[in-house]
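Reading through the structure tokens given below for one structure.
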Amino acid sequence: MQSNAALEYDYTIAKLYTYTAILFGFVGMLIGTLIAAQLAFPDLNYLLGEYGTFSRLRPLHTNVVIYGFTVSGIFATFYYSAQRVLKVSMAESKFIMFVGKLQFFLYLIAATAMVITELMGYTQSKEYAQMEWPLDLLIVVIWVLWGVAMFALIGIRREKALYISMWYFIACFLGVAMLYLFNNMAVPTYFTSGGVGSIMHSVSMYSGTNDALVQWWWGHNAVAFVFTVPIVGMIYYFLPKESGQSVYSYKLSLLSFWGLMFVYLWAGSHHLLWSTVPDWMQTMGSIFSVVLILPSWGSAINMLLTMKGEWNQLTENPLIKFMVLASTFYMLSTLEGPIQAIKSVNAIAHFTDWIPGHVHDGVLGWVAFMIMAALFHMAPRMFKREIYSKKLIEAQFWLQTTAVVLYFTSMWIAGITQGMMWRAVDEYGNLMYSFIDTVTVLHPYYAIRALAGVLFVTGFVMFAYNMIKTMTSSRELSEEPQFKSPMA
Amino acid sequence: MDIRELQGYATFFMTIVFVLVLYWYIVYLYRSEKKGEKDYEKLGNIALDDEIDSKPINSSNPISNDKKERNK
Ligand code: HEM
Chain A
0 MQSNAALEYD YTIAKLYTYT AILFGFVGML IGTLIAAQLA FPDLNYLLGE
50 YGTFSRLRPL HTNVVIYGFT VSGIFATFYY SAQRVLKVSM AESKFIMFVG
100 KLQFFLYLIA ATAMVITELM GYTQSKEYAQ MEWPLDLLIV VIWVLWGVAM
150 FALIGIRREK ALYISMWYFI ACFLGVAMLY LFNNMAVPTY FTSGGVGSIM
200 HSVSMYSGTN DALVQWWWGH NAVAFVFTVP IVGMIYYFLP KESGQSVYSY
250 KLSLLSFWGL MFVYLWAGSH HLLWSTVPDW MQTMGSIFSV VLILPSWGSA
300 INMLLTMKGE WNQLTENPLI KFMVLASTFY MLSTLEGPIQ AIKSVNAIAH
350 FTDWIPGHVH DGVLGWVAFM IMAALFHMAP RMFKREIYSK KLIEAQFWLQ
400 TTAVVLYFTS MWIAGITQGM MWRAVDEYGN LMYSFIDTVT VLHPYYAIRA
450 LAGVLFVTGF VMFAYNMIKT MTSSRELSEE PQFKSPMA
Chain B
0 MDIRELQGYA TFFMTIVFVL VLYWYIVYLY RSEKKGEKDY EKLGNIALDD
50 EIDSKPINSS NPISNDKKER NK
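Chains as they are written, first to last, in numbering that gives the first Met the number 0: chain A, 0 to 487; chain B, 0 to 71.
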């Protein structure tokens, strides 16, 4: 700080969302591990009466990890990095601070209500859109408040050019806003049934194939605009900042951005291959999915090349390890997804365990790794203390990497076995296996996945412990580190 | 031709148009840099030099920045 010693970035909101990311991350992954174990050992379904069954807990898992953990991570990193790349502090505007606090407060209410209502069994029964309409309305308010804070910050910025991360956060805001509204149009059954139905239970305004199309337009773009776009925004800020290397090619980052925006929106129909949607639309979904490799790898390779000549940092700095592996897992899942979207492959892969396998090399190896690395990077700057333990981060890294590999390899084998067995016919065209035959064969792979869950959650607890120690009892720093995060 | 077929053709041609726009954008990015009108790569420094009181990198436009310097 040279001239304007009084003015500092204000991390109040970023800190609040950091706490919720840690909390929901732990809860969500614990539930994930429990449901993984239930698939291997069905008796575990009866621990908590109706509240402990797989069918209650599975949507709770997805909602807590997406809307609790990931979205908290997005807000935390946004409120941290946006100030910095715009060179403006939230403390400069009472209005923005107020909006930020209000947004967090409402977010906490909504997230808590989401957990409670879904445990009680209230659901719209649409994937990633299970929350009932009162919560949907609250989420619209929260999202709008985020937009207000974002554009107000942009409005008072000192740095006129918007850094590439900001483009991605803006796209996340706009993409989710548009698709969330369309997909959640619903009417409480009370009104459609002349008073017999329930006020709290609603049905979609669309029906049949149209409903499926809108659902997966949203569903896939939840992957695009929650699991991909803001996470790419994160890596474009945190990897260069932590390594001290500016983005390898800024032009490539711009081009990948527009490529991703254009292509991603039309890939959703790959969730509906071989279904009743028009044939051309299925083909379009396949083709756009394959083309999607280009902008995805454009960003990922750009990140790897950013480390050019600096690969020694990979061995010296565990945060760089996390981020480099994150972009590598991003490349893996954006290659795997397009393969699954090819119609003939999809005929085997659809409805099998290969799909959750694919989902989790992305969400564990890419999303969770990137969010944890970003929060680690932010901690010394927000709390003005060095990271509590480097050894612990190293151990966490290897434990969780092993977990991800165990998760997706077991699900690859399980999924393809399942797909082949379902389709196998004898010489007369009769099915060779019944459903329970596949269940028996898959048991060991389900057990391996449950083990992977235990390892990953253990790693997450190490992360949480390290973060809490960093906040409370680590050595204090006299000045802000420029690039590499200091750790003991 | 029913509405569904029309939608299919519309999507196809829209795709072609967008692809052309995207390719044009690549040419534009490189050409404007070659001519010295823009300097995109320096924007990468926004992430590295992000102290609240450090000098803004400002825009991808090197000429207008120079002018600003001279007018100071
Ligand atoms: C300890 C870590 C985790 C474990 C053990 C785990 C386990 C599971 C299991 C067992 C399922 C259900 C699969 C099925 O129905 O066959 C599932 C689904 C899912 N999980 Fe996780 N999970 C973990 C972490 C995460 C995280 C961190 C995210 C996101 C950030 C995530 C996102 C999802 C999604 C989106 C689905 C739905 C997949 C689909 O419908 O195909 N999970 N998870």
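All C-beta atoms, glycine included, are put in the ideal place defined by N, C-alpha and C.
Values in this document were obtained by computation on a predicted structure and should not be read as measured data.
- Residue pairing by DSSP places Pro187 (chain A) opposite A:Ser201 in a beta bridge.
- For the pair of segments examined, the region 429 to 446 of chain A was found not to touch the region 364 to 381 of chain A: the number of CB pairs separated by less than 8 Å stays below three.
- The distance from the Cβ of Glu7 (chain A) to that of Ile51 (chain B) is about 7 Å, consistent with a contact at the 8 Å cut-off.
- According to DSSP, residue pairing for Ile386 (chain A) in a beta bridge involves A:Met486.
- If you draw a straight line from the Cα of Ser388 (chain A) to the Cα of Leu22 (chain A), it is about 20 Å long.
- With a cutoff of 9 Å on beta-carbon distance, Leu334 (chain A) and Trp296 (chain A) are scored as near each other.
- Annotation for Pro229 (chain A) indicates a beta carbon at 8 Å or more from all heavy atoms of ligand 1.
- Taking 7 Å as the cut-off between beta carbons, the residues of the region 267 to 288 of chain A near chain B are Pro277, Trp279 and Met283, in sequence order.
- When CB distances to chain A are screened at a threshold of 8 Å, the residues of the region 15 to 40 of chain B falling below it are Phe17, Leu21, Tyr24, Ile25, Leu28, Tyr29, Glu32, Tyr39 and Glu40, in chain order.
- Of the residues assessed, Thr314 (chain A) falls on the exposed side of the cut-off, its CB having fewer than 16 other CB atoms within 10 angstroms.
- Using a cutoff of 8 Å, the CB of Asp38 (chain B) does not count as near ligand 1, since none of the ligand's heavy atoms is closer than that.
- Among the CB atoms of chain B, one or more fall inside 9 Å of the CB of Tyr8 (chain A).
- Close CB contacts of Tyr205 (chain A) within its chain, under the 6 Å cut and outside five residues either way in sequence, are with Val213 (chain order).
- In terms of side-chain proximity, the C-beta atom of Leu271 (chain A) is found no nearer than 8 Å to any non-hydrogen atom of ligand 1.
- In this structure, DSSP gives Glu475 (chain A) an extended state, which the three-state scheme calls strand.
- Secondary structure within the region 9 to 42 of chain A: not one fully enclosed beta strand (DSSP E) run of 3 or more consecutive residues is present.
- Proximity of Arg83 (chain A) to chain B, defined by a Cβ-Cβ separation below 9 Å, is satisfied.
- Looking only at A:Pro337, A:Ala90, A:Ile65 and A:Ser255, the smallest Cα-Cα distance to Ala13 (chain A) is reached by A:Ala90.
- Taking 9 Å as the cut-off, the beta carbon of Phe462 (chain A) is found closer than this to the beta carbon of Phe375 (chain A).
- The CB of Phe261 (chain A) comes closer than 8 Å to the CB of Phe17 and Leu21 in chain B, given here in chain order.
- Within the same chain, Leu85, Lys86 and Val87 come within 8 Å of Arg156 (chain A) by CB-CB distance, once the 5 residues on both sides are set aside.
- The count of Cβ pairs closer than 8 Å, one atom from the region 225 to 237 of chain A and one from the region 13 to 23 of chain B, stays below three, leaving the stretches out of contact.
- Taking 8 Å as the cut-off, the C-beta of Phe226 (chain A) counts as close to a heavy atom of ligand 1.
- For the C-beta of Ser255 (chain A), not a single chain B residue is nearer than 7 Å; the gap to the nearest is close to 11 Å.
- The beta-carbon separation of Gly43 (chain B) and Ser242 (chain A), rounded to 12 Å, does not stay under the 8 Å limit for a contact.
- Val424 (chain A) is bridged by DSSP to A:Leu430.
- The beta carbon of Tyr432 (chain A) lies closer than 7 Å to those of Met420 and Ala423 in the same chain, with the five residues before and after it left out.
- Ligand 1 never approaches Thr305 (chain A) closely enough for any of its heavy atoms to be under 8 Å from the residue's Cβ.
- Close to Pro239 (chain A), with beta-carbon spacing below 8 Å, are these residues of chain B in chain order: Gly43, Ala46 and Leu47.
- Glu126 (chain A) has its CB nearer than 8 Å to a heavy atom of ligand 1.
- Ala170 (chain A) sits close to Phe224 (chain A), with the two beta carbons spaced by under 9 Å.
- Here the alpha carbons of Thr305 (chain A) and Gly67 (chain A) stand approximately 31 Å from one another.
- At a threshold of 8 Å, Arg157 (chain A) does not count as near ligand 1, since its beta carbon sits no closer than that to any of the ligand's heavy atoms.
- Taking 8 Å as the cut-off, one finds no heavy atom of ligand 1 near enough to the beta carbon of Asp360 (chain A).
- Relative to ligand 1, Tyr406 (chain A) has its C-beta within less than 8 Å of a heavy atom.
- Residues of the same chain with a CB within less than 6 Å of the CB of Leu43 (chain A), apart from the 5 flanking positions on each side, are Ala36 and Gln37 in chain order.
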